[in-house]
Each structure stands twice: as C-alpha cells, then as structure tokens.
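Chemist:
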Amino acid sequence: MSLLILSILFIATASQEIAVQNFRVGILAKDQEATNEHLKTIPAFSKSSELFSASDAGQRLYISFNLLNKADNSKFSGAQQVFLHFAQESGEDAVLVANPQASGEYLYDATLRVASKQFNNLAGKFKGSLIIGGNTIKTPINWYFADFQLALPTIPIITPKSQQINYSQLPEIQHEFRQPEKRPSAVISDFFTLVVLTPLLFLVGAWLKIGINFGNAPASIWVPIFHAGLAGIVGLFFVFWLQLDMFETLKYLAILGFVTFVAGNRVLRQLAAASKSKSE
Numbered sequence: 001m002s003l004l005i006l007s008i009l010f011i012a013t014a015s016q017e018i019a020v021q022n023f024r025v026g027i028l029a030k031d032q033e034a035t036n037e038h039l040k041t042i043p044a045f046s047k048s049s050e051l052f053s054a055s056d057a058g059q060r061l062y063i064s065f066n067l068l069n070k071a072d073n074s075k076f077s078g079a080q081q082v083f084l085h086f087a088q089e090s091g092e093d094a095v096l097v098a099n100p101q102a103s104g105e106y107l108y109d110a111t112l113r114v115a116s117k118q119f120n121n122l123a124g125k126f127k128g129s130l131i132i133g134g135n136t137i138k139t140p141i142n143w144y145f146a147d148f149q150l151a152l153p154t155i156p157i158i159t160p161k162s163q164q165i166n167y168s169q170l171p172e173i174q175h176e177f178r179q180p181e182k183r184p185s186a187v188i189s190d191f192f193t194l195v196v197l198t199p200l201l202f203l204v205g206a207w208l209k210i211g212i213n214f215g216n217a218p219a220s221i222w223v224p225i226f227h228a229g230l231a232g233i234v235g236l237f238f239v240f241w242l243q244l245d246m247f248e249t250l251k252y253l254a255i256l257g258f259v260t261f262v263a264g265n266r267v268l269r270q271l272a273a274a275s276k277s278k279s280e
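Residue 51 in UniProt numbering sits at position 51 of the sequence shown, and the numbers go up by one each step.
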C-alpha cells in the first residue's frame with residue numbers, strides 16, 4: 001500500500017506543467033538600469049520581430065523571466081536545466097546558464113566582454129532559444145524567442161611555445177664576450193715599475209756602499225738558510241705582483257717567514273756567543 005502511494009506521489013510530482021512569464025530581453029549599457037522602458041517583453045512561445053544588436057564590448061546582454069506552475073500559478077523552482085542557447089547558421093553555438101535569484105526570477109546579465117568567453121570567440125548573428133528541463137517537468141521547453149547580432153570581442157588563441165612548430169631559419173645568435181679592460185700606456189707602466197723597484201735599488205746601493213762582511217759570518221747551516229729565506233720573501237713579493245692573490249701570498253709568506261725567523265734567531269745567537277767568548 002505504501003509503495004503504491006509513493007508511486008502515485010512520484011507520478012504526480014513528475015507531471016508538473018510549467019509556464020514562462022515576464023520574459024524580458026534587452027541590450028543595456030554598462031551601468032544602465034534594467035527597467036521595462038529599456039527591455040522588451042516577449043510573450044511566451046512567440047518570436048520577437050526585433051533584432052537585438054550590440055556592437056560595444058561594454059554593453060550588457062540582459063535576459064530575465066519567471067517560471068510558474070500552471071496548476072496554481074505559483075513560482076516554480078524545480079527546474080534542473082535552465083539554459084539560453086545561441087546558435088549560428090554554421091552550426092556553431094554557445095550555451096549560457098540562467099541563474100535563479102532570491103526573488104524566484106531567473107536572470108542572465110553580463111557584458112559582452114565577459115560573455116565572449118562563454119561564446120568561444122564567436123560573433124555575428126545568433127538564434128536565441130530558451131531550454132528548460134528537469135525530472136519534475138512533464139513537458140520540457142525549447143523555445144526560439146529572438147535573433148541577436150552580437151559583435152563580441154575576439155580573444156586570440158595562444159598556442160603554448162612547446163606546441164609551436166617553426167621551420168623557418170632562426171636568427172644567428174651573436175655572442176659578445178667581455179671586452180678587455182683598458183691598460184695604461186707603456187710609459188706609465190714603466191714609470192710605476194721603477195717606483196716599485198726603487199726601495200730594492202736603494203737597498204742594493206746601501207749594501208754596496210757599506211759593504212757586506214761575509215768573513216764575520218759564523219760557520220753554520222743557519223746562515224745560508226737565513227739568506228735564502230730573505231731571498232725567497234723578496235721573490236714571493238715579485239710573484240705576488242705578477243700572478244698571486246693576497247691569500248695565496250700570505251700562505252706562502254707564513255712558511256717562508258717562519259723559516260727565516262728561526263734561522264735568523266739561530267744566527268744572531270751564534271754571533272752573540274762568539275762576541276761574548278772574544279770579550280772574555
């Protein structure tokens with residue numbers, strides 16, 4: 001018994017007849033109010049003789065209507081598919097969704113710039129139809145209500161670079177290497193070379209004037225090591241001037257300086273011991 005009652009209720013629910021009321025269409029300016037003065041009301045299931053034309057991307061396509069239950073003229077909200085279908089003679093088409101509002105009205109209101117994405121970059125003359133369906137509607141609606149001439153802005157289709165195929169010759173890539181820094185003239189270089197060598201020339205000149213007393217040097221292995229260390233330090237400074245950097249020079253100088261310091265200390269101790277033995 002209960003199954004029979006449910007079946008009867010289901011059949012009754014799925015057999016509702018609906019009607020379209022207050023179907024209004026218009027092309028409005030961007031900030032224009034949707035009033036009856038600016039919209040055309042089309043009687044249900046008739047075709048408008050007016051061609052709705054829009055040529056500015058800022059204009060709005062406005063369509064609104066109500067759905068009523070024919071049994072009691074109450075507002076009907078059980079439609080599951082409420083579409084606006086725009087078709088061209090070429091077979092290309094676009095489908096827009098009419099959204100229900102809190103007042104029970106169905107509405108589509110968008111500028112042509114926004115609508116162009118839903119029209120898939122189509123433009124020209126369209127046949128506008130209203131499509132309504134649902135599992136509670138006995139007779140679905142497919143109503144051709146008006147013609148439209150829409151100059152929708154086209155959106156260029158961008159092909160990803162990975163999908164682009166180019167068989168033409170590519171331009172040659174010209175590599176520009178770093179230009180060498182400007183160097184001073186030979187006269188300036190030679191002058192500063194002499195300035196750098198002046199202390200060494202002064203030292204050699206002083207040695208020649210004062211004289212070097214090799215006879216007073218003690219007979220020890222530390223003497224040649226000490227002098228070799230001094231010569232190595234001078235040579236290290238010369239190599240540093242040519243190619244080494246500061247950190248490499250300090251590393252080598254630490255080794256040569258330590259050896260020279262130890263050897264010089266030993267030589268001075270031996271000279272002091274020899275001088276003390278002579279005085280006694």
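Glycine is no exception: its CB is placed at the ideal position from the N, C-alpha and C atoms. If you're wondering where the values come from, they're calculated on a predicted model, not measured in any experiment.
Quickly, what does DSSP pair threonine 41 with across the bridge? List them, please.
Modeler: According to DSSP, threonine 41 bridges with Arg24.
Chemist: Just the Cα atoms here: how many angstroms apart are glutamine 80 and alanine 102?
Modeler: When rounded, the distance between both Cα atoms is 16 Å.
Chemist: Please determine, among Gly91, Lys138, Tyr108 and Gly58, the residue with the shortest C-alpha to C-alpha distance to asparagine 69.
Modeler: The residue with the shortest Cα to Cα distance from asparagine 69 is Lys138.
Chemist: Suppose you measure from the CA of aspartate 109 to the CA of isoleucine 18; what does that come to, to the nearest Å?
Modeler: Roughly 23 Å between the two C-alpha positions.
Chemist: Taking one C-beta from the segment 139-148 and one from the segment 124-131 each time, how about it: are there three or more such pairs within less than 8 Å?
Modeler: Segments in contact, yes.
Chemist: Report all residues from its chain with a CB closer than 8 Å to the CB of alanine 274; omit the five preceding and five following residues, and keep chain order.
Modeler: So the qualifying residues of the chain are Pro218.
Chemist: Given 8 Å as the limit, is there contact between the segment 74-88 and the segment 156-173, that is, 3 or more CB pairs closer than that?
Modeler: At 8 Å Cβ cutoff, the stretches do not touch.
Chemist: So is alanine 206 buried or exposed if we call it buried at 16+ other beta carbons inside 10 Å?
Modeler: With fewer than 16 Cβ atoms within 10 Å of its Cβ, alanine 206 is classed as exposed.
Chemist: Can you tell me which of Phe226, Gln179 and Leu152 puts its alpha carbon nearest to the alpha carbon of valine 267?
Modeler: Among Phe226, Gln179 and Leu152, the Cα nearest to that of valine 267 belongs to Phe226.
Chemist: Could you tell me which residues DSSP pairs with threonine 111 in its beta bridges?
Modeler: DSSP, once it has assigned bridges, lists Arg60 as partnering threonine 111.
Chemist: I'd like the ranges of any alpha helix (DSSP H) spanning at least 4 consecutive residues and lying wholly in the UniProt domain "Ribophorin II C-terminal" (177-273).
Modeler: List check, alpha helix (DSSP H) in window: 186-210 and 222-242.
Chemist: Can you name the start and end residues of the beta strand (DSSP E) that phenylalanine 86 belongs to?
Modeler: First-last of the beta strand (DSSP E) with phenylalanine 86: 81-87.
Chemist: Check whether the segment 28-40 and the segment 54-63 are in contact - that is, three or more C-beta pairs closer than 8 Å.
Modeler: The segment 28-40 vs the segment 54-63: in contact.
Chemist: Between which residues of its own chain and valine 95 is the CB-CB distance below 6 Å, once the five residues before and five after are set aside?
Modeler: Once the five neighbours on either side are set aside, the close Cβ partners of valine 95 are Phe83 and His85.
Chemist: Could you spell out where the beta strand (DSSP E) holding alanine 146 opens and where it closes?
Modeler: Taken as a continuous stretch (DSSP letters only), the beta strand (DSSP E) holding alanine 146 covers 141-150.
Chemist: Considering just the uninterrupted stretch of the beta strand (DSSP E) at alanine 104, what are its terminal residues?
Modeler: Per the sequence presented here, residue 104 reads as glycine, with alanine not at that position. No beta strand (DSSP E) contains glycine 104, which DSSP labels as neither H nor E.
Chemist: Rounded to the nearest angstrom, what separates arginine 24 and glutamine 163 at their Cα positions?
Modeler: Roughly 45 Å separates the two Cα atoms.
Chemist: Please check the pair asparagine 22 and threonine 41, which I expect to be a contact at CB under 8 Å, by giving their CB distance rounded to whole angstroms.
Modeler: The pair is a contact, with the Cβ atoms about 7 Å apart (cut-off 8 Å).
Chemist: Can you tell me whether serine 64 is buried or exposed, with buried defined as 16 or more other CB within 10 angstroms of its CB?
Modeler: Counting Cβ neighbours within 10 Å, serine 64 comes out buried, since at least 16 surround it.
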